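Here the protein sequences come in this chain order: A and B.
Residue numbering for the first sequence follows our numbering, beginning at 756 and increasing consecutively.
Residue numbering for the second sequence follows our numbering, beginning at 4 and increasing consecutively.
Ideal Cβ positions, reconstructed from N, Cα and C, are used throughout, including at glycine.
Values in this document were obtained by computation on a predicted structure and should not be read as measured data.
Accompanying notes for the structure given below.
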Amino acid sequence: MSIIFFNEWKGLFRNKLFLFFISFFLLLLFIVTFFGNIQNKKQILNQQEAKNHIRDQWDEMGPSNPHSAAHFGTYAFKSNSILNSLDEGVNAVTGLVLRLEGHKQNEVAFSESSQSLTISTFGKLKVSLLFQFIIPLFLIFLAFNTYTSEISSGRLKLLLIQGNSMSKIIFAKIFTLLSLATLLLLFTILVQFFLNINYIKLDQITRLVIFFFSYFLYYFIIISFTVFLSLLLKKSTSALSLTIITWLLWTIFIPKTVGNFTESLTPLSTRIELSEKIQDDRSKGIDGHNPFDDRKIELEKEILARYEVDSLSHLPINFAGILMQADEEFGNQVWDKHYGELYEKLETQKRNYQLSGLINPFASLQSLSMASAGTDLLHHLDFLSHAEKYRRYFIKTLNDEYAFGGSKTGERGWKASQDFFRSIKDFSYNEANFISMKNKYFIDIFCLFLWSLSLVCLIIYYSKNHPFNEY
Amino acid sequence: MIQLINVNKKFKDKVALKNLSLEVKSGEIYGLLGANGAGKSTTLNLLLGFLNADKGQINLIDSNDSSIINQDRIGYIPENVNLYPYLTGLENLDYFSKLAGLKFKSSELREFLSECGLEKEAFNKYISEYSKGMRQKVGIAIAYAKNAKIYLLDEPASGLDPLSSNELSRMLKKMSKRGATILMASHDIFRVRETCHKIGILKNGSLVKEMFSKDVSPVELESLYLDYMKN
Chain A
756 MSIIFFNEWK
766 GLFRNKLFLF
776 FISFFLLLLF
786 IVTFFGNIQN
796 KKQILNQQEA
806 KNHIRDQWDE
816 MGPSNPHSAA
826 HFGTYAFKSN
836 SILNSLDEGV
846 NAVTGLVLRL
856 EGHKQNEVAF
866 SESSQSLTIS
876 TFGKLKVSLL
886 FQFIIPLFLI
896 FLAFNTYTSE
906 ISSGRLKLLL
916 IQGNSMSKII
926 FAKIFTLLSL
936 ATLLLLFTIL
946 VQFFLNINYI
956 KLDQITRLVI
966 FFFSYFLYYF
976 IIISFTVFLS
986 LLLKKSTSAL
996 SLTIITWLLW
1006 TIFIPKTVGN
1016 FTESLTPLST
1026 RIELSEKIQD
1036 DRSKGIDGHN
1046 PFDDRKIELE
1056 KEILARYEVD
1066 SLSHLPINFA
1076 GILMQADEEF
1086 GNQVWDKHYG
1096 ELYEKLETQK
1106 RNYQLSGLIN
1116 PFASLQSLSM
1126 ASAGTDLLHH
1136 LDFLSHAEKY
1146 RRYFIKTLND
1156 EYAFGGSKTG
1166 ERGWKASQDF
1176 FRSIKDFSYN
1186 EANFISMKNK
1196 YFIDIFCLFL
1206 WSLSLVCLII
1216 YYSKNHPFNE
1226 Y
Chain B
4 MIQLINVNKK
14 FKDKVALKNL
24 SLEVKSGEIY
34 GLLGANGAGK
44 STTLNLLLGF
54 LNADKGQINL
64 IDSNDSSIIN
74 QDRIGYIPEN
84 VNLYPYLTGL
94 ENLDYFSKLA
104 GLKFKSSELR
114 EFLSECGLEK
124 EAFNKYISEY
134 SKGMRQKVGI
144 AIAYAKNAKI
154 YLLDEPASGL
164 DPLSSNELSR
174 MLKKMSKRGA
184 TILMASHDIF
194 RVRETCHKIG
204 ILKNGSLVKE
214 MFSKDVSPVE
224 LESLYLDYMK
234 N
């Protein structure tokens, strides 16, 4: 097999058109990876600057009322992974900054302004765009007649009579093209690795390995599928047409159709509906502004009993802080109920979509590509849940300071010290470790392996059927 | 030795071979004449192992030790030797030899090509620059280098100039002297008569006539062949 493999490579190297294309792709991949990294690092720097600015605002705020500070709020930044430049995933749509404040949970906003450019309708030129759409097409064009040209030229008989089996010849040709794809992949990964060598940790290495193997398997599937069709149809033009049609189905039509189907299976509320439901449930909580609210009266009684006093004015603490925290905790329960449901539905949609990998390996590839870059929905949900956890800590710290920091009930103008605001910890989010999330991508890995194995079996089976069995 | 006993082959409803029996002894060159569709290529494809017979027996036997000859000990020269255009003649010979598990020195490869009549200047030229005759010579060199027990040739002289055709005959005789069994399917009555020891005429999948070439003159053979084709 190695003799055929090296001969195929010799053929490629002696083909000027091929040399032009491979040089073009290597250059393009270098440019895209290099500039993607520069842009990514710029974003990381911008985020850091914004973070510092917000921290400075807090540190320099001076003595202030904690409740006003809770309304002033802060921001949680979804730190850009260094692999973000490989596949931007959902980040382009969801944005990277979440405003955190008292009483309400916001959605992520402030995506890059460049996303609003008309040109961005087609997406940015990211490594994933080249790897998912352009390079597979290049491989299809190289693979569609690799087998049929041997039949039409009559060389196949010569190859067979020299003692080679049909499957050996076919797999040698598949591995040649796969090695070419591997070269492009490794080149990009190494460029990415060396451009970020100071930031690469074990998790990023794991992610790069997953990124590599996902594309490796997908390219094996694309090449084998094209060769299999030419084996089946025995005509290169028919094989090419059918492969292109299948490729279009995989990359455009099936994802859209499956997307719509999963949405109809697990429908989500509209933003207005969700907001109304939350408001409705929220209204059942403590109304801090209504002195006759039953739950407020009950809380008052409880606190008075705890401090063994008969009026709020005799409390050694500020009841307003306790009231606000109680309201916050009720709000958290409402959020957990509605957003918990929403996130569960999003995860179900994602799982159902992943199952489409059984008929569409591109779905599995996309999922693993975003997952390895840390930019898929599951990573985003992980960020959101950490941001919400921090918001709760942040608001509780402010409310506790308001309640127990030295003020008394009714002291609306009381101010916490600057040192207090400086003591509040920043939001620090470390991207989830890939290994900890591996189970969520098992179906994608399974689908790619299933496709690969099925194609190997089909090629072995059909290669036993000699093409000379026609009169 | 090549042996076909009552071999039948059908493609859907079309009968390609009907009770075909023939035998080619070791060291013998057998010429199989026949019109297009007579079953010559089907016979070769069956012997090459690319097709399976519906009925009958096919034996490829090494007369020295009565062992069965496998596909990798067969040499094959097709009508059109289409080699890899991006390789030189020498590289093509080296490549196909390596595929057969044979490693030759460059000097040995050059010798094979020379023996098969290829000009030295052409050795390092790309096949894309070769004429059909030159490609055919490389094809012969590939088969010859294999030192096979059996050679199967499908219209090997097609498109060759008289000089190259003559060189082909010379090569085949040389190989037969080495003990090789050679079956050559052709339309070329004159070349078959010149090269082969024994000749068979195939019509509609059946062997209608068999003779030794020494027993017929080229003119007689042509007349005989035409008679069979007309009736």
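Reference residue i, options the options, closest by Cα
| i | options | result |
| --- | --- | --- |
| asparagine 1087 (chain A) | A:Ala805, A:His858, A:Tyr1108 and A:Ser1068 | A:His858 |
| serine 823 (chain A) | A:Phe1201, A:Asn1154, A:Phe1204 and A:Ile925 | A:Asn1154 |
| proline 221 (chain B) | B:Lys180, B:Ser100 and B:Val195 | B:Val195 |
| leucine 1029 (chain A) | A:Ser840, A:Gln860 and A:Lys1056 | A:Gln860 |
| asparagine 1220 (chain A) | A:Glu843, A:Ser920 and A:Lys1193 | A:Ser920 |
| glycine 30 (chain B) | B:Ile8, B:Thr198 and B:Leu224 | B:Thr198 |
| lysine 140 (chain B) | B:Phe14, B:Phe115 and B:Leu210 | B:Phe115 |
| cysteine 1202 (chain A) | A:Leu774, A:Ile1114 and A:Thr1152 | A:Ile1114 |
| leucine 102 (chain B) | A:Leu913, A:Thr931 and A:Trp813 | A:Leu913 |
| phenylalanine 967 (chain A) | A:Lys989, A:Leu911 and A:Leu841 | A:Leu841 |
| glutamate 1018 (chain A) | A:Gln917, A:Pro821 and A:Leu1097 | A:Leu1097 |
| glycine 136 (chain B) | B:Asn169, B:Ser110 and B:Asn9 | B:Asn169 |
| proline 165 (chain B) | B:Asn127, B:Leu36 and B:Gly120 | B:Gly120 |
| histidine 200 (chain B) | B:Asp191, B:Ile192 and B:Met214 | B:Met214 |
| aspartate 811 (chain A) | A:Tyr1216, A:Ile1190, A:Asp1174 and A:Lys1193 | A:Asp1174 |
| lysine 833 (chain A) | A:Leu1205, A:Gln802, A:Ile1000 and A:Asp814 | A:Gln802 |
Same chain only: Cβ atoms within 7 Å of residue i, ignoring 5 sequence neighbours per side
| i | result |
| --- | --- |
| asparagine 11 (chain B) | Leu20, Lys21, Asn22, Ala56, Asp57, Lys58 and Gly59 |
| phenylalanine 899 (chain A) | Thr981, Ser985, Ser991, Ala994, Leu995 and Thr998 |
| serine 871 (chain A) | The predicted model places serine 871 (chain A) with a pLDDT of 44, which falls under 50 and marks its position as unreliable; any figure quoted below should be read in that light. Excluding sequence neighbours, serine 871 (chain A) sits near nothing in its chain. |
| glutamate 856 (chain A) | Ala825, His826 and Gly828 |
| threonine 1152 (chain A) | Ile1179 |
| phenylalanine 785 (chain A) | Val946 |
| isoleucine 72 (chain B) | Leu63, Ile64, Asp65, Lys152 and Ile153 |
| leucine 47 (chain B) | Leu155, Asp157 and Ala188 |
| threonine 873 (chain A) | Reliability of the predicted coordinates at threonine 873 (chain A) is poor, the pLDDT of 39 falling under 50, and the value obtained from them is presented with this limitation in mind. The answer is none, since no qualifying residue turns up. |
Residues near residue i in its chain [Cβ-Cβ closer than 8 Å; skip 5 each side]
| i | result |
| --- | --- |
| phenylalanine 877 (chain A) | Any reading at phenylalanine 877 (chain A) must be qualified, since the residue scores a pLDDT of 49, below 50, and its modelled position is unreliable; no value is offered. |
| leucine 933 (chain A) | Phe971, Tyr974, Phe975 and Ile978 |
| phenylalanine 1074 (chain A) | Glu1055, Ile1058, Leu1067, Ala1158 and Thr1164 |
| glutamate 1166 (chain A) | Asn1073 |
| lysine 106 (chain B) | Ser100 |
| leucine 1136 (chain A) | Tyr1098, Leu1101 and Glu1102 |
| serine 866 (chain A) | Only weak support exists for where serine 866 (chain A) lies, its pLDDT of 48 falling under 50; the value from the coordinates is given anyway. Cβ within range, chain order: Asn846, Ala847, Val848, Thr849, Gly850 and Leu851. |
Beta-carbon separation (whole angstroms), residue i vs residue j, contact threshold 8 Å
| i | j | result |
| --- | --- | --- |
| alanine 1118 (chain A) | tyrosine 1196 (chain A) | Going by Cβ atoms, the distance from alanine 1118 (chain A) to tyrosine 1196 (chain A) rounds to 12 Å, so no, they are not a contact pair. |
| threonine 830 (chain A) | valine 852 (chain A) | What sits at residue 830 (chain A) in the sequence shown is tyrosine, not threonine. Confirmed, Cβ separation roughly 6 Å. |
| threonine 788 (chain A) | threonine 931 (chain A) | Threonine 788 (chain A) to threonine 931 (chain A), Cβ: 25 Å. No contact. |
| lysine 206 (chain B) | glycine 37 (chain B) | 6 Å |
| leucine 297 (chain B) | isoleucine 61 (chain B) | What the structure shows of chain B is the stretch from 4 to 234, and residue 297 (chain B) is not part of that stretch, so it cannot be assessed. |
| isoleucine 192 (chain B) | glutamate 225 (chain B) | 5 Å |
| asparagine 839 (chain A) | threonine 1130 (chain A) | 6 Å |
| glycine 909 (chain A) | aspartate 75 (chain B) | The Cβ separation is near 19 Å, so there is no contact. |
| serine 969 (chain A) | leucine 1120 (chain A) | 6 Å |
Same chain only: Cβ atoms within 6 Å of residue i, ignoring 5 sequence neighbours per side
| i | result |
| --- | --- |
| leucine 156 (chain B) | Ile80 and Met187 |
| isoleucine 837 (chain A) | Asn951 and Tyr954 |
| glycine 208 (chain B) | Val18, Ala19, Leu20, Lys21 and Gly42 |
| leucine 50 (chain B) | Leu155 |
| threonine 901 (chain A) | Lys928 |
| glutamate 1083 (chain A) | Ile1150 |
| glycine 162 (chain B) | Lys135 |
- prompt: Of the residues that make up the segment 47-75 of chain B, which ones have a beta carbon closer than 7 Å to any beta carbon in chain A?
  reply: If the cut-off is 7 Å between Cβ atoms, the segment 47-75 of chain B has Asn48, Leu51, Phe53, Leu54, Gln74 and Asp75 near chain A.
- request: Select from the segment 94-126 of chain B all residues with a C-beta closer than 7 Å to any C-beta belonging to chain A, and list them in chain order.
  value: The residues in question are Tyr98, Phe99, Lys101, Leu102, Ala103 and Gly104.
- prompt: For the segment 883-914 of chain A, which residues have a beta carbon sitting closer than 7 Å to at least one beta carbon of chain B?
  reply: Contact annotation: in the segment 883-914 of chain A, residues whose CB is within less than 7 Å of a CB in chain B are Ser908, Gly909, Arg910, Lys912, Leu913 and Leu914.
- request: Output the residue ranges of the beta strand (DSSP E) runs that lie fully inside the segment 133-199 of chain B and measure 3 residues or longer, sorted by chain position.
  value: The segment 133-199 of chain B contains these whole beta strand (DSSP E) runs: 153-157 and 184-189.
field: Inside the segment 1166-1202 of chain A only - alpha helix (DSSP H) runs reaching at least 4 residues
entry: If we require 4 residues or more, the alpha helix (DSSP H) runs fully inside the segment 1166-1202 of chain A come out as 1173-1178 and 1189-1192.
Complete alpha helix (DSSP H) runs within the segment 27-75 of chain B (minimum length 4 residues, chain order): Counting whole runs of 4 or more residues, the segment 27-75 of chain B contains the alpha helix (DSSP H) stretches 43-51.
- prompt: In the segment 874-916 of chain A, which residue ranges form an unbroken alpha helix (DSSP H) of at least 4 residues, counting only runs that do not cross its ends?
  reply: Listed in chain order, the alpha helix (DSSP H) runs fully inside the segment 874-916 of chain A are 890-898, 903-908 and 910-916, counting runs of at least 4 residues.
message: So if I threshold CB-CB distances at 7 Å, which residues from the segment 918-947 of chain A count as touching chain B?
response: Hits within the stretch, in order: Gly918 and Asn919.
- request: Entirely within the segment 1062-1126 of chain A and at least 4 residues each: give me those alpha helix (DSSP H) ranges in chain order.
  value: Those alpha helix (DSSP H) runs which fall completely within the segment 1062-1126 of chain A and span 4+ residues are 1074-1110.
query: Using a beta-carbon distance cut-off of less than 8 Å, what residues from the segment 177-210 of chain B approach chain A?
result: Within the segment 177-210 of chain B, no residue has a Cβ lying closer than 8 Å to any Cβ of chain A.
query: Of all the residues that make up the segment 757-774 of chain A, which are near chain B by a beta-carbon distance shorter than 8 Å?
result: Result list: Ile758, Ile759, Asn762, Lys765, Gly766, Arg769 and Asn770.
field: Contained alpha helix (DSSP H) runs [length at least 4] in the segment 916-981 of chain A, N- to C-terminal order
entry: Qualifying alpha helix (DSSP H) stretches, in chain order: 921-950.
task: Mind checking the segment 779-812 of chain A against chain B and listing, in chain order, the residues whose C-beta falls within less than 9 Å of any C-beta there?
output: Residues passing the 9 Å Cβ filter: none.
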